[in-house]
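Novice: My structure is below; once you've seen it, I'll send some questions.
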Amino acid sequence: MGCYGDFFEKAKPYIAMTSLQFGYAGMNVITKVSLNHGMSHYVLVVYRHAFATISIAPFALILERKVRPKMTWSVFLQIFVLALLGPVIDQNFYYAGLKFTGPTFACAMSNILPAMTFVMAVIFRMEKVDLKKVRCQAKVAGTLVTVAGAMMMTLYKGPLMKMAWTSGHGHGAEVPVAAAAIDPSGREWFLGSLFVIIATLAWASLFILQAHTLKQYAAPLSLTTLICFVGTLQAIVVTFAMEHRPSAWTIGFDMNLLAAAYAGIVTSSIAYYVQGLVIQKTGPVFASAFSPLMMIIVAVMGSFILAEKIFLGGVLGAVLIVIGLYSVLWGKHKETQEKEEEEAMELPVASKTNGGMIYDDAVFIKEIAAAGVGDDSECRKANGVVKSSSHGHGAAGAV
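Here the sequence shown stands for residues 3 to 401, where the numbers follow my numbering.
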């Protein structure tokens, strides 16, 4: 049971982030359908985070009532910026890019997220770069390849890729391709790409700031609730400024309601919370590393449900992005291994006795001597305390 327990504990972050990708994939397809039916993406952001706030607030109020830290102006300012980065900037630009391009393209472009997160982590000294080490070279090279893949997807479209499950649609698919060659929709495609890149930059910034905020406000559920609530208020202000049609706020029991509820509950409230837990455990770069899985899921779903067209430039760019992404991840994995080995070397020898933790006698005496305690009687006294603790009484106090 011990081995299985250890394995499950190590697998938790992988399971959590993989599950989130399925949730994000469903959100992309459902949202695209809603936007195609004329829903304003500004209004969608408001409803999405209203649903998110309502769904997670009760859990935060009940489960974290005793551990919730006090709110300070510094933490509130960080929450305000987090809400601005996530609910407002990231999602409004992402939905606009999704509308101009498509779910598969938008997801593929989002794969530059780990590279952006890595660059920002280096800028804010959360990651160290030593180009003499292979792992650092892999992270830098991976970042450059990822950016090259994003540029290829943005600037090169190429011929249409025919999928096995879409071949039965007949020859009509060739007409839209020919029309696309003379249709001046290239500008919209470029703008859509630019919007997705801006959204991804905002999302990477959220990862970095969220990692910092969780150290000061260690209540993930409450933090998620506050981000969603403040984001809802900010999104309302933005929507009133940008959307002047009163009818845009109308929503019924249709795809628009499903898109808002699904996105709010699954990809805002649950995703922010799970993402925060994974960031606390593994760091922001790991948490951003599973987006290629979402791209594959969305490509299949989009092709089936939306009959979405996939072009050669998008496929080649996506391949480059995935190669670059996993080069970054390999470097990050090697770095984590090195840190664990260094920490194991630096930690003093310790052993567990009756549930208590005690230092090895020789190490403990050496530490006292290094601290300047020269009296032999004090050393013997300290040594005696440690030995007496090995019987299971007052071990924590002795340490």
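Glycine is no exception: its CB is placed at the ideal position from the N, C-alpha and C atoms.
Let me confirm a value: Leu-208 is counted as buried when at least 16 other C-beta atoms fall within 10 Å, else exposed. Which label applies?
Specialist: Leu-208 comes out buried.
Novice: In this structure, what does DSSP give as the bridge partners for Ile-312?
Specialist: Ile-312 is bridged to Met-163.
Novice: Using the Cβ count rule (16 or more neighbours within 10 Å means buried), how would you classify Lys-334?
Specialist: Burial call: buried.
Novice: For Ile-253, which of helix, strand or coil comes out of DSSP?
Specialist: Coil, per DSSP.
Novice: If we count the other Cβ atoms within 10 Å of its Cβ and call it buried at 16 or more, is Pro-15 buried or exposed?
Specialist: Buried.
Novice: Where do the N-terminal and C-terminal ends of the alpha helix (DSSP H) with Asn-94 fall, by residue?
Specialist: Here the alpha helix (DSSP H) through Asn-94 covers 93 to 102.
Novice: Using only alpha-carbon positions, find the residue among Lys-341, Lys-141, Leu-322 and Ala-204 that is nearest to Thr-148.
Specialist: When each option's Cα is compared against that of Thr-148, the closest is Leu-322.
Novice: Between which residues of its own chain and Glu-190 is the CB-CB distance below 7 Å, once the five residues before and five after are set aside?
Specialist: These residues qualify, in order along the chain: Phe-102.
Novice: Which residues in the same chain as Ala-117 place their Cβ atom closer than 8 Å to its Cβ, once the five residues preceding and following it in sequence are excluded?
Specialist: Excluding sequence neighbours, Ala-117 sits near Gly-144, Thr-145, Thr-148, Val-149, Gly-326, Leu-327 and Val-330.
Novice: Determine contact between the stretch 265 to 283 and the stretch 129 to 144, defined as no fewer than three beta-carbon pairs at a distance below 8 Å.
Specialist: Taking 8 Å as the limit for Cβ pairs, the verdict is that the stretch 129 to 144 does not touch the stretch 265 to 283.
Novice: Within 10 angstroms of the Cβ of Phe-9, are there 16 or more other Cβ atoms? Answer buried if so, exposed if not.
Specialist: So Phe-9 counts as exposed.
Novice: I need the boundaries of the alpha helix (DSSP H) containing Thr-74, first residue and last residue.
Specialist: Neither: Thr-74 is in no alpha helix (DSSP H) and is coded neither H nor E.
Novice: Scan the stretch 199 to 261 and note each continuous alpha helix (DSSP H) run of 4 residues or more that stays entirely inside, going in chain order.
Specialist: Here the runs fully enclosed are 222 to 244.
Novice: Taking the alpha carbon of Leu-79 as the reference point, which residue from Thr-252, Gln-212, Ala-273 and Val-302 has its own alpha carbon closest?
Specialist: Leu-79 has its Cα closest to that of Gln-212, out of Thr-252, Gln-212, Ala-273 and Val-302.
Novice: Looking only at its own chain, which residues have a Cβ that is under 6 Å from the Cβ of Asn-258, when we skip the five neighbours before and after it?
Specialist: Cβ within range, chain order: Ser-36 and Met-41.
Novice: State the Cα-Cα distance for the pair Val-276 and Gly-28, rounded to the nearest angstrom.
Specialist: Going from the Cα of Val-276 to the Cα of Gly-28 covers about 17 Å.
Novice: Excluding sequence positions up to five away, which residues of its chain have a Cβ less than 7 Å from the Cβ of Met-19?
Specialist: So the qualifying residues of the chain are Val-280, Ala-289 and Phe-292.
Novice: Between Ile-403 and Leu-193, what straight-line distance do the alpha-carbon atoms span, to the nearest angstrom?
Specialist: Residue 403 is absent from the model: the chain starts at 3 and stops at 401.
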